[in-house]
Amino acid sequence: MKPFRGLIIFWGLSFCCATAVFAAGYQTISHPVDLFEFDSVSQQKQAIHLAKTLRCPMCQNQNLIESNSAVAKDIRLRVFELIKAGKSDDEVKEYMVLRYGEHVLYQPSFSIKNAMLWGIPIVLGLLMISFSIGYIKRSIRGIN
């Protein structure tokens, strides 16, 4: 039993060291820092809030702050530049929509396309339910 004790301690320490090395490497890789100076704290808060409300066009449901893609970094930089230039939130959002489409907004504006996107499946579902009920009623009458 004693020879295995040293082996167990060795492998346990090796595992702990490897875990610490990988965790430290992941921590430095997964959180990039964008260094950008603003004229005031309010501009910084406005830019961060806006970057959290805009979606990365390349990522699956990630905002500009969470995303590590090159496109998100470019858009984030552009948002920060526009805020530093004195643009309002609406002006920045309008610029981003013109450049990247409404996909960058988490809450797109109401339009006929959006209404059809939500309305057509609902209408088709209701039609399927009504046809199914009618078919079931007819088949029950046919049995009796």
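Those letters in the sequence shown? Residues -23 to -1, 1 to 121, per mature numbering (1 follows the signal peptide of the UniProt record, and there is no 0), in order.
By construction, the Cβ of each residue, glycine as well, lies at the ideal position given by its N, Cα and C atoms.
The structure displayed is predicted, hence computed values, not measured ones.
Reduced DSSP category for residue i - H, G, I as helix; E, B as strand; rest coil
i: R118; result: helix
i: D15; result: One detail in the question is off: residue 15 reads as Phe in this sequence, not Asp. If DSSP states are grouped into helix, strand and coil, F15 belongs with coil.
Chain-order list of residues whose beta-carbon lies under 7 Å from that of residue i (same chain, five-residue window excluded)
i: P85; result: E79 and N91
i: F57; result: F13 and A24
i: S7; result: Because S7 carries a pLDDT of 43, less than 50, the predicted location of this residue cannot be relied on, and the following value inherits that uncertainty. Nothing listed; no residue qualifies.
Residue i - containing alpha helix (DSSP H), residue span
i: S19; result: V18 to T30
Among the options, nearest to residue i - alpha-carbon criterion
i: A49; options: K61, K29, I89 and E14; result: K29
Cβ shell of residue i (< 8 Å), same chain only, five flanking positions each side left out
i: L41; result: A28, K29, L31, R32, C33, A49, I52, R53 and V56
Proximal residues to residue i (C-beta, below 6 Å), its chain only, five neighbours per side dropped
i: Q20; result: I60
List in chain order: all unbroken alpha helix (DSSP H) runs of 4+ residues lying wholly within the region 34 to 115. 47 to 61 and 66 to 77
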